[in-house]
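All letters in the sequence shown, in the order written, are residues 2 to 260 by the numbering used here. Positions of the beta carbon are idealized from the N, C-alpha and C atoms, including for glycine. Structure first, commentary second.
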Amino acid sequence: MNKMLRRFAGLCTLAMAAVWAIPAGAQMAEVKEKPPMYSYVSFWNIPRAQWGAMEKADADDKPLLDKAVASGALIGYGNDVNMVHEVDGSTHDEWWSSMSMAGLMNVLDQFYKNGSATSSVLESATKHWDGIYVSRYYNWHPGSWQGLYTHGSSYKLKADAPDDAVAMVSKGLIAPILEKELANGTIQEYEIDTEAIHTGAPGTIWIFYLTTNADGLDKVSAAVREFRKTNPLAGAAFDSMIDWPSHRDYLARTNATYK
């Protein structure tokens, strides 16, 4: 990520300083950085005729993943069915999360050894790719759920964004909103991710949250709008760092387990 231009730096510094100057009762508490949490995600474009087989394959993977959670190797896992299809996008994905890269890779090795990674339904995929992500701003409620909604958003930072832009927007803007929605039960999990293994250019942020029903999507959207309304300088600081034409959203139905 390039160094910020001085003029841009001044704008962001003033905007963020103004945000922190808002009286404590009018803004949310800053969220502190946590130890890195890693997630492995396999994306698949599965022909519609094979969707039932894909559901069965996900169910067949559950015992191995449950064992990894029980041992502490993983802190969570799940699978998604994309609700808004794109021409070149995925229809399904499977993911698992750990507090170490070793935890991710050891589970992947087990899938290769037991044949799950080369099952017939996966061989039917017309497209496939993987990603490994890392988050330092995240939280969850323990439990298992079927049919959650996952909302995801990707944001590309401008080339002249500050080197600490991810931390800046996470701890002071995004995570506080999502922490509040987690506390009131609107969402069950959230994370703010960047790539741990870069398969694309650095500088993209992914924001994900899981809600138990569709009403939760509206509640989080309303919370974001209210925050921007009552903290306009915070919204301006975020907007100044984002390359908006590259912004994309994602919506899926999710089965998930968190320890």
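Among Ile206, Asn83, Gly77, which residue has its Cα nearest to the Cα of Val167?
-> Ile206
Okay, do the segment 92-107 and the segment 152-169 touch, 3+ Cβ pairs below 8 Å being the bar?
-> no
Which residues in the same chain as Tyr139 place their Cβ atom closer than 8 Å to its Cβ, once the five residues preceding and following it in sequence are excluded?
-> Lys35, Met38, Glu190, Tyr191, Glu192, Ile193
Assuming Thr151 and Leu211 form a contact by the criterion Cβ under 8 Å, report the distance between their Cβ atoms to the nearest whole angstrom.
-> 5 Å
If you compare alpha carbons, which of Ser43, Ile208, Asp244, Gly116 is closest to Asp131?
-> Ser43
Is it true that the segment 116-128 meets the segment 47-54, where meeting means three or more beta-carbon pairs spaced less than 8 Å apart?
-> yes
Roughly how many angstroms lie between the CA atoms of Ser40 and Ala237, to the nearest whole one?
-> 30 Å
Cβ separation of Ile188 and Val135, assumed to be a contact under 8 Å, to the nearest whole Å | Contact flag wrong, Cβ pair sits at about 20 Å.
Would the beta-carbon of Ser154 be found less than 7 Å away from any heavy atom of the ligand HEM?
-> Because no ligand of any kind appears in the structure shown, any question about the ligand HEM cannot be addressed here.
Do Ile178 and Phe228 have their C-beta atoms within less than 8 Å of each other?
-> yes
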